[in-house]
Amino acid sequence: MGHVTTVTATATTDREIRTPAEVRRAKILAIVYLLLAALTLWAFGIGSEGDATFVISRPGDTFEVGNIVVPAAGLAYVVSAILAFLGARQWLRGFGSRTNLVLAIGLGLFALSFLAWAAAGTSFSLVGMFQEAIKRAVPITFGAISGVLCERTGIINIGIEGMLLGGAFTGAIVGSTLGAAAGMVAAALVGGVLALVLAILTVKYRVDQIIAGVVINIFVLGLTSFYTSQILVENQQLNDAPIMRAFEIPLLGDIPFIGPVLFDQNIFVYAMYLLVAATTYGLFQTRWGLRTRAVGEKPRAADTVGINVFSMKYWNVILGGLVAGFGGAYFTIGSVGRFDENMTAGRGFIGLAAMIFGRWHPVGALSAALVFGFADSLQVKLGILETPIPSEFLAMAPYLVTIVVVAGLVGRSRPPSDYTAYVKE
Amino acid sequence: GGDDDSGSADTKICEVTDVGGVDDKGFNASAWAGAQRAAADFGADPKVLESQAETDYEVNLNSFIDEGCDLIVTVGFLLGDATANAANANPESKFTIVDFAYDPPIENVKGLVFNTDEAAFLAGYVAAGTTATGTVGTFGGINIPPVTIFMDGFVRGVRYYNAQKGTDVQVLGWDPDTQEGSFTNNFESLDDGRAFAQSLIDEGADIVMPVAGPVGLGSAQLASELDGIYIVGVDVDGFEADPNNASIYLTSVLKRIDNAVYAAADEALNGTFTNDLYVGTLENEGVGLAPYHDLADMVPSDLQSEVESLRDDIISGAVSVSG
Amino acid sequence: MSDRPDLPETPPEQPGMSSFFKDLTGAGSQINWRANVLVPALAILSALIAGGIIIAFGDLDTLKLWGSDPGQAASDTLNRLGDSYVALFEGAVGGLGPISETLTRAAPLILAGLAVAIGFQAGLFNIGANGQMLIGGMFALVVGFQFDLPTVIHIPLAIIAALIGGAIWGGIPGFLRAKTGAHEVITTIMLNFIALRLVDYLLTVEFFQLEGRNDPVSKSVLDSARYPKLIDFINARYRVHLGIIIAILAAWFIWWLLYRSTIGFEFRAVGANPDGARYAGMNVVWLIVAVMAVAGAMAGLAGGDQVVGTLGRATPGFVGVIGFDAIALALLGRSHPFGVVAAGLLFGGLAAGGQNMQASTDVGIDIVQVIQALIIVFIAAPALIKAIYRVKADTEAAQVSQGWAT
Amino acid sequence: MELELRGITKRFPGVLANDNVNLTIRSGEILCLLGENGAGKSTLMNIMYGLYSASEGEILVNGEVVHFDGPGDAIAAGIGMVHQHFMLVPVFTVAENVVLGVEPTKGPGGILDISEARRDVTEISSQYNLEVDPDAIIEDLPVGLQQRVEIIKVLFRDAEILVFDEPTAVLTPQEVEEFFSIIRNLKADGKGIIFITHKLKEVLEIADRIAVLRRGAVVGEADPSTATEKTLAEMMVGRPVVLTVDKGPAQPGEVVLEVRDLDVLNVHDHLAVNQVSFDVRKGEIVGIAGVQGNGQTELVEALTGLRESVGGTVRISGQDFTNASPRQIHKASVAHVPEDRQRSGLVLKFTLTENFVLDSYYDEPFSHGIKMNWNRSRQEAERLIEEFDVRTPSSEVMASNLSGGNQQKVIVAREFGRDVELVIASQPTRGVDVGSIEFIHDRIVEERDNGSAVLIVSSELDEVMALSDRILVMFAGRIVAEKRPEETTNAELGLYMAGSTSEA
Ligand SMILES: Nc1ncnc2c1ncn2[C@@H]1O[C@H](COP(=O)(O)OP(=O)(O)OP(=O)(O)O)[C@@H](O)[C@H]1O
Ligand SMILES: Nc1ncnc2c1ncn2[C@@H]1O[C@H](COP(=O)(O)OP(=O)(O)OP(=O)(O)O)[C@@H](O)[C@H]1O
Ligand SMILES: [Mg+2]
Ligand SMILES: [Mg+2]
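Chains as they are written, first to last, in our numbering: chain F, 1 to 425; chain L, 426 to 748; chain H, 749 to 1154; chain B, 1155 to 1658.
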């Protein structure tokens, strides 16, 4: 009967058919390309004169590299032509599995043309901007990885924002009193404790996961604000942590452009690289990873082969909390040494978006976080290139990007988990 | 209401903060410092109510009125209306409001405003004379007058220097003519302080004036990690307010809110209270330029003396800062 | 048929309070006091206790004292707590003034709470009340200062504007959720930030700014559009205004909508079982947009309450954190409109009381935030309460989320 | 080895699922466990497998009392289970699923040794001739193969006692035969086997011993050599039962449902319904037979507006209803009994009244404008409860508090309660006890005789045979055969269901 059933194998046929939904989405995407093309042409091309000078090395780099000079208008014409082509091709054939890649490239080109327009007539430092982009991606990445760890075991962690904030707060206080190292450890631990609370609420008491997460956010925000005004204001010495300085990695740091951008950063950035590598390997190459994903995808199946679903969930969520807590320390120990009320300003949620954008994969999460970091550093940069765009709108950029990304991609990405609370009689 | 008897007998100096809170390292804080100093000197006790939201102003003012405060200090334009209403409803209480002026003036309210641009002008002049890269920068918290007046003065100071010396020192981050520039859009994120300073530095600025309360501390932090980068502090003397990074404050644009509040308290508690508008100027030292402290030898002595004479010219009106 | 239990002889339900209780108790036949009254009450109690501990830790001097003189420290701490909570209580209900203040603060809380509760009822988590309030407020503002009309027209017009503004800002995430599966939790939060910046910007625009000033303070709403105060004839300071009445009417309307109208039936069906709703021929996509729009409209009304009611103008971030308190409030009210009213009054009291507590003791006002968060923890996990107090209540934890993608 | 369950009792909120059950199983024998839906069979097995913990009673292995904290312990004790609903991770490969929980690792930090896993799988499959590709992704495999993976999983953990919970429910008769030969091998290999089913024929064919459960209690054991289907059925239900549906011949009238060249995609965007065409006439019952997952679900969803079709047309009473909305189709007086009552047929958190008007609330008399008329709705609810004998204390209890069968009755009542021209019912009696089955079958025939066109989709071959006037067999998204029940046999249909195409 073997052969009989193999006939049954899949009810597919050679006839290639796309769902109406797919077709619709493809067309919409195509229209987006065309609009971008038009915008590029009209806003950045026509009537903009002057060259944009992109500085891609810093004084004192081992290898000084010349600046890139591009005519803003010219670039705009080229880019809009390419975008138009992509749009047409998208409409007619689509890009199949490479759709997202192409989209990323398209948006990248658009951003480039935008920069050239903004910098037309002046010069500005790409190195600086990308360096900043990496820095700003750090807490987002930690948040996103924390999300990946939790969601791969079937727990949505909306509480990342709170865990970051808790980590920042603890990092500041413990860092001020016992030193940076202790501060980072303590920050991670606090994240872990908050995660434990999340785990208990969702796994043991089966509280709605999103409610539980939001509770953690509100609670941490209230608590840190309360103690900030109650204690830190009078006792500034408690809010004055040592700061991790950037240090250049030998050799790697000397590579033109790449070097200063990637390898002249502080410990948190390097920790981020390690974390991404470690989680990727762990999730997909180890026993722990296999079990974690099994528990997320189908808890009862894992249970029936004797995997302790609950403890897997607990440990992974706690692990996620440790990651988020440590990431939170970036805001204080990794950046300015001082805690301020609600200083995470929504980075935790952007981290969630990055996780989704990154399809619950650590590397994806990192890339997504870099996109947000870029948007974020872009708005900083644009403020000083007298663009006609009001700063309030520039400040919206990261949030707008988040919405666009989530709306554009989550629809098509399937979460790796069954998020319903696992019940065991 | 919020009346409790504890010490309603003795005199009180009471501050209602705006939503920034008393620990904003900005004008709420310096007003509070003035109130506390006055309270100490005149044997009153200082009280503060933090406002969490717009809706709190009225209530906070009322509870202080009920407490019979001898002077109620309110801070910032956000409290403009609330203070006016409270003052009109309670003619017997005395008020003073920071960074706000009524016209026509209200009987029992003393407005405290500052020609910060006079001092910022001097700072700009110093910066222009000190920069090694020929580029200086500034950024603000939110695009509102109390902030941008610093930036106006700073930029005009630089331009004045260029005009005098025929140099071409650039100022990044603010254009007094279009009133657009670089803003963090918050007064909290020190990380933004770093980022905004960094991006100015990337474009070659070596002297940065952050006008965003505590956000500036981030910039100072960054400067202390790099070499050849200096900060111009605002409101208070960064050298004292931020001891960790004291050494990188070239100077600071002083806005002596504390002195003004102190003076108002003095009037209120010693029966000389008037509603005459107080305008802090270089002349009455309501605004000023902080000493160069450790960096004194970085500022050439002739530049220092030019600054001195420039101050006199501004006071005398020979030089206009609103250029 | 013989072994089939007889139906109770109760006559068919009449709309009204009895059915209100039925709604309140899910669909159970008799009132579930334990689940809907006792547990929330205990949750509040627990939150106050936990809050007390947190307050105690907020006082370093006393903490140090524990080492040297525990007795003294203990009594200090207790006094401090005593004073704090007494002040809290007095500030909430200690006289006409406090009550007026409580009601003033309850109004926007109730409306924003409805905005969240409607979402819950339909299985959507609307964290965007703050943004929706801001936009609704700005809409009302424009009507408020732009047109000069007789009150009877002006106020309703401002209200409509607020509803529209909020509905738009709420409808966007609804649309995104329905069409692209973008989860409303993320989109609404992002829209909060965006609304905040948008208001900052608008307040720098000539059209909105107060004549002759360029502070980010809007023109003042004309008196003809201001909600009339209710008891200011007793004391000019009693600022409770029409808003509270509007809030209660809105709650009643939402109750009617949810439990007496076909639309509400669809809302609840989508929330309880989207597949079932589709099977039953409901247009789930449209419904999600509609739910979020209605929710947004309620939040918009809350924003309007602030602008044309309490403040009379707009300033940066003029709604504070009401939109977030609303989440706690909706959970506490078990997402039932009348429960929301009760919870709103409670939180209004907490806010007014917290104000007073700050004024008469040195306990910072953020503690109110903490207490509210604690209340949700306990509400969200009734099992917790049951475990602590050994209550037998068949409450199951509130469920709202439907995973990420739809 | 010998495994004994002693005095096992299991209570769920509101249910006594197992009631003081005693049971013994030894190596080298096949014990059949028989019982209607909800009799407590799965529960009992889950307890034996450490998934549930018993409220009372104990488990003994070779006379020793053992205590299972989880499946891990049971597995260690040599117990293996193939669950009623497969316990495989859909996105994992066969190999990953087999080794999950006992993964071979290399080096430190538990690095997976997947090639080792692959070898183990191929080894076992060759030993018991259960060929399957170790690298195939589970969700791409048909149920038949998925079941093999489950068996391999159990053998990989070298279990001595193997439990199969309704393994044949999803198999064609041929696959069943294949499966039986597999478990005969296992038995010969000295394994003890517990085999759960509702299907009396199978029991008589394979069992060494038979134990019957009713309402959670063992109501007796039977000897396969002496027992007959009828006696077993009576033991199961506790009263005499009619095993056939009595219905007169059909008088087909004009075409009501007309389907032409219909193409429908499944969730994975594979073509699940492929160029399907058929008619259903007034006054006839057309039954669609087929192994689950051959496109029946997608077909019904397309017909009822729940899924967009990508090609072909659907006409109802002459009008075009291709990709019409569920509401439009409902208005065309079509009744739809959905495949999964809990997922789509009911809103469990709603009262019965609300559920009874779930798809007709939008119209008079249940609503006027946007105002619901709850009094009227409630009267309707009570009428239907009365007429369809739904066992419930009142019309105001939540649907979730009803038993599966009664929940099904609620749906049937709602859909048949109004006069309709077309009835589309999938798995109308799934998870429903024999008593209710009789009832629902009678109602379906009654609808036919009242002149409705009826389309039945069921994976229960017997049900299709009993009800249908015409039978269509679906395989791999195509209609591969059309037969009249009187001119065919289970065996023949089974062949078509397994993919051998019609030469008729
Ligand atoms: N998790 C649960 N919670 C509450 N009741 C349950 C649960 N699981 C099963 N039951 C009830 O226990 C009884 C026995 O269920 P069980 O699944 O063991 O029946 P079964 O004999 O396996 O039926 P079937 O033949 O349909 O599989 C039923 O009344 C069922 O409703
Ligand atoms: N999951 C459950 N949770 C709570 N109560 C349940 C559950 N399942 C069943 N019950 C209760 O147990 C009673 C018996 O349900 P059960 O499913 O055993 O009926 P059954 O024997 O399977 O009958 P049917 O064959 O009609 O499903 C039902 O009336 C229901 O109230
Ligand atoms: Mg059942
Ligand atoms: Mg079963």
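Cβ atoms here follow ideal geometry from the backbone N, Cα and C, with glycine treated the same way.
Checklist entry - What are the start and end residues of each continuous alpha helix (DSSP H) run of 4 or more residues lying completely inside the region 522 to 577 of chain L, in chain order? => result 541 to 555
Checklist entry - Can you list the residues of chain L that F/A76 reaches, using a CB-CB cut of under 7 Å? => result Counted from its first residue, the first sequence places residue 76 of chain F at position 76. Simply none; closest approach about 23 Å.
Checklist entry - For L/S734, does the count of other Cβ atoms within 10 angstroms reach 16, so buried, or fall short, so exposed? => result Along the second sequence, one-based indexing puts residue 734 of chain L at 309. With fewer than 16 Cβ atoms within 10 Å of its Cβ, L/S734 is classed as exposed.
Item to check | Any 3 or more C-beta pairs closer than 8 Å across the region 371 to 388 of chain F and the region 132 to 145 of chain F | outcome: yes
Checklist entry - Is B/G1346 near B/M1202, with beta carbons less than 8 Å apart? => result On the fourth sequence, residue 1346 of chain B is found 192 positions in, with the first residue counted as 1. On the fourth sequence, residue 1202 of chain B is found 48 positions in, with the first residue counted as 1. In this structure, B/M1202 does not lie closer than 8 Å to B/G1346 by Cβ.
Next on the checklist: So for B/Q1405, helix, strand or coil by DSSP?
Outcome noted: Against the fourth sequence, residue 1405 of chain B aligns to sequence position 251. Looking at B/Q1405 - three-state DSSP - the assignment turns out to be coil, as it is neither helix nor strand.
Checklist entry - First and last residue of the beta strand (DSSP E) that includes F/I68? => result Along the first sequence, one-based indexing puts residue 68 of chain F at 68. Segment 68 to 71, the beta strand (DSSP E) holding F/I68.
Checklist entry - What is the rounded straight-line gap between the Cα of B/I1610 and the Cα of B/G1444? => result Counting from 1 along the fourth sequence, the entry for residue 1610 of chain B is found at position 456. Counting from 1 along the fourth sequence, the entry for residue 1444 of chain B is found at position 290. Cα-Cα distance, rounded: 12 Å.
Next on the checklist: Quick check on B/R1497 - is its C-beta less than 8 Å from some C-beta in chain H?
Outcome noted: Along the fourth sequence, one-based indexing puts residue 1497 of chain B at 343. Against chain H, the CB of B/R1497 has a partner CB under 8 Å away; the residue lies at that interface.
Item to check | Member of H/V864, H/I982, H/Q894 whose CA lies at the smallest distance from the CA of H/G1048 | outcome: In the third sequence, counting from the first residue as 1, residue 1048 of chain H sits at position 300. The shortest Cα separation from H/G1048 among H/V864, H/I982, H/Q894 belongs to H/V864.
Checklist entry - Nearest-angstrom Cα distance between F/G383 and H/T1058? => result Numbered from 1 along the first sequence, position 383 holds the residue referred to as residue 383 of chain F. Numbered from 1 along the third sequence, position 310 holds the residue referred to as residue 1058 of chain H. Looking at the two C-alpha atoms, the distance is approximately 36 Å.
Next on the checklist: Quick check on this structure: which residue in H/D980, H/L882, H/T852, H/L951 has the alpha carbon closest to the alpha carbon of H/N940?
Outcome noted: As a working mapping, residue 940 of chain H is identified with position 192 in the third sequence. Considering only alpha carbons, the answer is H/L882.
Checklist entry - Who are B/R1414's beta bridge partners in DSSP? => result As a first step, residue 1414 of chain B is located in the fourth sequence; it is residue number 260 there, counting from the start. DSSP output for B/R1414 lists B/T1467 as bridge partner(s).
Next on the checklist: Do B/E1320 and B/L1242 have their beta-carbon atoms positioned less than 8 Å apart in this structure?
Outcome noted: As a first step, residue 1242 of chain B is located in the fourth sequence; it is residue number 88 there, counting from the start. As a first step, residue 1320 of chain B is located in the fourth sequence; it is residue number 166 there, counting from the start. The Cβ atoms of B/L1242 and B/E1320 lie no closer than 8 Å to each other.
Checklist entry - At a Cβ threshold of 8 Å, is H/G774 touching chain F? => result Taking the first residue of the third sequence as position 1, residue 774 of chain H is located at position 26. Confidence at H/G774 is low in this model, with a pLDDT of 41, below 50, so its placement is unreliable and the value that follows should be read with caution. No, H/G774 lies away from the interface with chain F (no Cβ there is under 8 Å from its Cβ).
Checklist entry - Can a CB atom of chain L be found closer than 8 Å to the CB of H/F981? => result Looking up residue 981 of chain H in the third sequence gives position 233. No, no contact with chain L.
Checklist entry - Name the residues in the region 1370 to 1404 of chain B whose C-beta lies less than 7 Å from a C-beta of chain F; which are they? => result none
Checklist entry - Going by C-alpha distance, which of H/F1126, H/A1135, H/G1101 is nearest H/G843? => result Numbered from 1 along the third sequence, position 95 holds the residue referred to as residue 843 of chain H. When each option's Cα is compared against that of H/G843, the closest is H/G1101.
Checklist entry - What three-state label does DSSP hand F/V197 in the structure shown? => result As a first step, residue 197 of chain F must be located in the first sequence, where it is residue number 197. It is helical.
Next on the checklist: Just checking: is the beta-carbon of B/L1367 within a distance shorter than 8 Å of some beta-carbon in chain F?
Outcome noted: Here residue 1367 of chain B is taken as the residue at index 213 of the fourth sequence, counted from 1. Not one chain F Cβ lies under 8 Å of B/L1367.
Item to check | Partners in chain H for F/E392, counting only beta-carbon separations shorter than 8 Å | outcome: The residue you call residue 392 of chain F lines up with position 392 of the first sequence. Within 8 Å Cβ-Cβ: R945, L946, D948, Y949, T952.
Next on the checklist: Which residues in chain A have a C-beta closer than 8 Å to the C-beta of F/V190? List them in chain order.
Outcome noted: The chain inventory of the structure shown lacks chain A, comprising the protein chains F, L, H and B.
Item to check | Beta carbon of L/S488 nearer than 8 Å to that of L/L474 | outcome: Mapped onto the second sequence, residue 488 of chain L falls at position 63. Mapped onto the second sequence, residue 474 of chain L falls at position 49. Cβ atoms of L/S488 and L/L474: closer than 8 Å.
Item to check | F/A407 in three-state terms, based on DSSP | outcome: As a first step, residue 407 of chain F is located in the first sequence; it is residue number 407 there, counting from the start. Here F/A407 sits in helix by DSSP.
Item to check | Under 8 Å by beta carbon: chain H residues contacting B/P1492 | outcome: On the fourth sequence, position 338 is the one that residue 1492 of chain B refers to. Here the neighbours are Y1027.
Checklist entry - At a CB-CB cut-off below 7 Å, which residues of chain H make contact with F/Q265? => result On the first sequence, residue 265 of chain F is found 265 positions in, with the first residue counted as 1. Against chain H, a Cβ distance below 7 Å from F/Q265 picks out nothing, because the smallest value is about 27 Å.
Checklist entry - Can you list, in chain order, the stretches of the alpha helix (DSSP H) that have 4 or more residues and sit fully within the region 89 to 146 of chain F? => result 99 to 118
Next on the checklist: Within the continuous beta strand (DSSP E) that includes B/L1626, where are the two ends?
Outcome noted: Taking the first residue of the fourth sequence as 1, we reach residue 1626 of chain B at position 472. Taken as a continuous stretch (DSSP letters only), the beta strand (DSSP E) holding B/L1626 covers 1624 to 1629.
Checklist entry - Where does B/N1174 sit, in a helix, a strand or coil, going by DSSP? => result Locating residue 1174 of chain B in the fourth sequence gives position 20, where the first residue counts as 1. Residue state, collapsed to three classes: strand.
Checklist entry - What first and last residue would you give for the beta strand (DSSP E) that runs through L/D660? => result Taking the first residue of the second sequence as 1, we reach residue 660 of chain L at position 235. Per DSSP, L/D660 belongs to the beta strand (DSSP E) from 655 to 660.
Next on the checklist: I'd like the list of long-range same chain contacts for B/T1385, defined as Cβ closer than 8 Å, with 5 residues on each side in sequence excluded.
Outcome noted: Here residue 1385 of chain B refers to the residue found at position 231 when the fourth sequence is read from its first residue. These residues qualify, in order along the chain: A1376.
Next on the checklist: Quick check: is the beta carbon of H/A1076 nearer than 8 Å to any beta carbon in chain F?
Outcome noted: One-based indexing of the third sequence puts residue 1076 of chain H at position 328. So yes, H/A1076 belongs to the interface.
Next on the checklist: Does the CB of H/N1104 have a neighbour CB from chain B at under 8 Å?
Outcome noted: Locating residue 1104 of chain H in the third sequence gives position 356, where the first residue counts as 1. No, its Cβ sits nowhere closer than 8 Å to a Cβ of chain B.
Next on the checklist: Measuring only the C-alpha atoms, how far is H/L808 from F/A188?
Outcome noted: Indexing the third sequence from 1 puts residue 808 of chain H at position 60. Indexing the first sequence from 1 puts residue 188 of chain F at position 188. Near 25 Å, if we compare the C-alpha coordinates of F/A188 and H/L808.
Checklist entry - Can you tell which of F/I350, F/S97, F/T40 has the C-alpha that lies nearest to the C-alpha of F/F114? => result Taking the first sequence and counting its residues from 1, the one referred to as residue 114 of chain F is at position 114. Answer by Cα proximity: F/T40.
Checklist entry - Count the other CB atoms within 10 Å of the CB of F/V23; is the residue buried (16 or more) or exposed (fewer)? => result Walking along the first sequence from the start, residue 23 of chain F turns up at place 23. It counts as exposed.
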